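Undergrad: Submitted below is the structure of interest, expressed as structure tokens.
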Amino acid sequence: MAREELLDVIREELAAQHRRLSVPDDVTVEVWKGLEHRLRFRAGGSELTYIRRRQDTSARDADIRRRFNGRNANELGREHNLSARYVRKIAKGK
């Protein structure tokens, strides 16, 4: 797994666990910032992004499902601040 894919997985799993536990957004962001700092230190200075959770993702997910064509996951991910992997997951209805 490539470094960027691994970071996407870590970020997505952190966000999922925080949603499951109903952790407030500001706490999720602070946890990610701390984790980002440690990962950056251990990975030698790579730039990372932090999580921004939306309260209602149904409109976003519907837009992704409507526009996804199998080749535009990166583009949709940039528009919605998501990884391409997560865009494909949404497009498949998971």
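By our numbering, the letter at position 79 of the sequence shown is numbered 99, and the numbering carries on one by one without gaps. The C-beta atom is built at its ideal place from N, Cα and C for all residues, glycine as well. Predicted model only: the values in this text are computed from it and were never measured.
Helix, strand or coil for residue 94? Go by DSSP, reduced to three states.
TA: Reduced to three states, the DSSP call for residue 94 is helix.
Undergrad: Contact defined as beta carbons within less than 8 Å: I believe residue 55 pairs with residue 34. What is the distance between those atoms, to the nearest angstrom?
TA: Rounded, the Cβ-Cβ distance is 7 Å, consistent with contact.
Undergrad: Determine the DSSP secondary structure at residue 109, reduced to helix, strand or coil.
TA: Helix at residue 109.
Undergrad: Considering only the beta carbon of each residue, do residue 28 and residue 103 sit closer than 8 Å?
TA: Yes, Cβ-Cβ distance for residue 28 and residue 103 is below 8 Å.
Undergrad: Leaving aside the five residues before and after residue 30 along the sequence, list all residues of the same chain whose C-beta is less than 7 Å from its C-beta, in chain order.
TA: Once the five neighbours on either side are set aside, residue 30 has no close Cβ partner at all.
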